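In the UniProt record's numbering, the protein residues as written are 1 to 319.
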C-alpha cells in the first residue's frame, strides 16, 4: 500500500507554483487553492481583494518514500523570494505572501530547520520572512486556475518571465560556474560538450552501449538525470533514454544551430548542455528519445549509489 502525505505551500501566484512540483517523482497531485484565512469557499476575486486573510497556495499529495518532505521544502525555497514581506515579485498584497503550512510536528520541524539553514547560508542579505504556520482549511481554486502552466502555457511563460520570478530564480539558484576551474576539472571533450554546446562522436563514447544498472548524473553539478531502467538502444550511437528521473532537473530550449530546429536539453542547476530530445522514441513509453552526450554525464553503478550519496534513488530499481 502506497504511503501518502500532504504538503501545503504559499509562494505568491499559484500559477507559478504547480509546475516545479507537478512532474517530480513521487508527486501524486498538485492542487491550486486558498488557505490561511477565515472566509469559507472564497473566490479568486475575494482572495485578491486582500480582505479574506487567505493566500494563494498549492497543496501537494506525495509519496514520502520517493519524494521526502525535506526535498519539497527545498524546491519551495527555490521558487520564491523568501525575503519579501509584501508579496512576490510583481504581485503585491497579503494574498501573495509566502508561507509553509505544516500538517504534522515532523513537517514543522523540517520546515523550521530548513528555514534556519537557508538564513545561515548567506544566500540572501536580508532576513527570511516566510512564515511557518499550522495548516488551516484549504479551498480548491476555480477550474481555470488548475494546471495553468499546461492549459495556458504561452501566457504562463510570458507571465513568469514578465513578473521577474524566472530571472530571480536563475540569478539566485543557478550554479556559479568558474570557467577556469571547470577547465581543470573536466576533460577537453567534457568541457566542449557541456560549456560549448558540443557533440561527441557516436559509437565512440563511454555510455552508448552501457547496460549496467545505475544512474547517470550531471558531470558538473552531480544532479541525478537519468536511470538505466529508462535507457534503450536507439541505434544512434549515443546513450538514449525515454525520460529523465526528475523533469525538474532539466530545461528545454529551442536550438536552431546547423540549419535545424531541435529541442536542446540542458541541466537546470549547472546550465550544462546535455543533448537533445526527439519525438521518435518508443511509442509505448511516451514516444520521446532523450539523446544525451556521455561526456555530459557520470555513471553511478547501482551498487555504489548509497556510498556516493544517491541512496534515495534506489527505489528506481525495486521491481
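Yeah, the Cβ is synthetic: ideal placement off N, Cα and C, and Gly gets one too. All figures in this text were calculated on a predicted structure; none of them were measured in a lab.
Express the C-alpha separation of residue 267 and residue 304 in angstroms, rounding to a whole number. C-alpha separation (whole angstroms): 23 angstroms.
Out of 282, 318, 271, which has the shortest C-alpha to C-alpha gap to residue 241? 282
On the DSSP bridge list, what partners appear for residue 324? Any property of residue 324 remains undetermined from this structure, which presents the chain solely from 1 to 319.
Of the residues 292, 69, 256, 161, which one's Cα is nearest the Cα of residue 194? 292
Grab the span of the alpha helix (DSSP H) containing residue 142 for me, first residue to last. Careful: residue 142 lies outside any alpha helix (DSSP H) and carries neither H nor E.
How many angstroms separate the CA atom of residue 215 from the CA atom of residue 272? Cα to Cα, the separation comes out at about 18 angstroms.
Kindly list the residues whose CB is nearer than 8 angstroms to the CB of residue 213, restricted to its own chain and excluding five residues on each side of it in sequence; keep chain order. 228, 229, 301, 302, 317
Return the chain-ordered list of same chain residues with a C-beta closer than 6 angstroms to the C-beta of residue 199, the five sequence neighbours on each side being excluded. none
Ranges of the beta strand (DSSP E) found wholly within the region 203-258, counting only runs of at least 3: Given a length threshold of 3 residues, each whole run of the beta strand (DSSP E) inside the region 203-258 is given here in chain order: 214-218, 224-227, 250-255.
Just tell me which of 254, 246, 259, 296 has its CA closest to the CA of residue 313. When each option's Cα is compared against that of residue 313, the closest is 246.
DSSP state of residue 61, grouped into three classes? It is a strand residue.
Measuring CA to CA, which of 18, 37, 110 is closest to residue 28? Closest in C-alpha terms to residue 28, from the list 18, 37, 110, comes 18.
State the CB to CB distance for the pair residue 77 and residue 118, rounded to an integer number of angstroms; the pair is presumed to be in contact (CB under 8 angstroms). 6 angstroms
Return the CA-CA distance between residue 16 and residue 160, expressed in angstroms with no decimal places. 7 angstroms
Apart from the five residues just before and just after residue 298, which ones in its own chain have a Cβ nearer than 6 angstroms to its Cβ? Excluding positions up to five away in sequence, the list reads 217, 219.
Please report the distance separating the alpha-carbon of residue 149 from that of residue 204. 40 angstroms
Please classify residue 258 as buried or exposed, where buried requires at least 16 other C-beta atoms within 10 Å of its C-beta. That one is exposed.
For residue 27, three-class secondary structure by DSSP: strand
Beta-carbon gap between residue 140 and residue 31 smaller than 8 angstroms: yes
Between the region 53-60 and the region 86-106, do three or more beta carbon pairs fall short of 8 angstroms? Short answer: they touch.
I'd like to confirm the pairing. Which residues does DSSP put opposite residue 157 in its beta bridges? BP columns for residue 157 are empty, so no partner.
Proximity of residue 62 and residue 4 at Cβ, strictly below 8 angstroms: In this structure, residue 62 sits near residue 4, with a CB-CB distance shorter than 8 angstroms.
Checking 8 angstroms against the spacing of the C-beta atoms, do residue 136 and residue 235 come in under that value? Taking 8 angstroms as the Cβ cut-off, residue 136 and residue 235 do not qualify as a contacting pair.
C-beta contact flag for residue 101 and residue 8 at 8 angstroms: In contact: residue 101 and residue 8 (Cβ atoms closer than 8 angstroms).
Consult DSSP for residue 91 and reduce its assignment to one of helix, strand or coil. strand
Using the three-state DSSP reduction, which class does residue 18 fall into: helix, strand or coil? Assignment of residue 18 by DSSP, reduced to helix, strand and coil, places it in the coil class.
Can you tell me the Cα-Cα spacing of residue 158 and residue 134, whole angstroms? Those two C-alpha atoms are separated by around 34 angstroms.
Under 8 angstroms between the Cβ atoms of residue 324 and residue 132? In the structure as shown, the chain begins at 1 and stops at 319. Residue 324 is therefore absent and cannot be evaluated.
Given this structure, state the Cα-to-Cα distance separating residue 276 from residue 251, to the nearest angstrom. 11 angstroms
Mind checking whether residue 75 and residue 310 have CB atoms under 8 angstroms apart? no
How would you label residue 191, buried or exposed, when you count the other beta carbons within 10 angstroms and need 16 or more for buried? buried
So is residue 7 in contact with chain B if we call contact Cβ pairs under 8 angstroms? In the structure shown, chain B does not exist; there is a single protein chain.
Inter-residue spacing [alpha-carbon to alpha-carbon] between residue 70 and residue 224: 17 angstroms
Mind pulling the beta strand (DSSP E) runs of 3 or more residues that sit fully within the region 282-311? 289-292, 297-301
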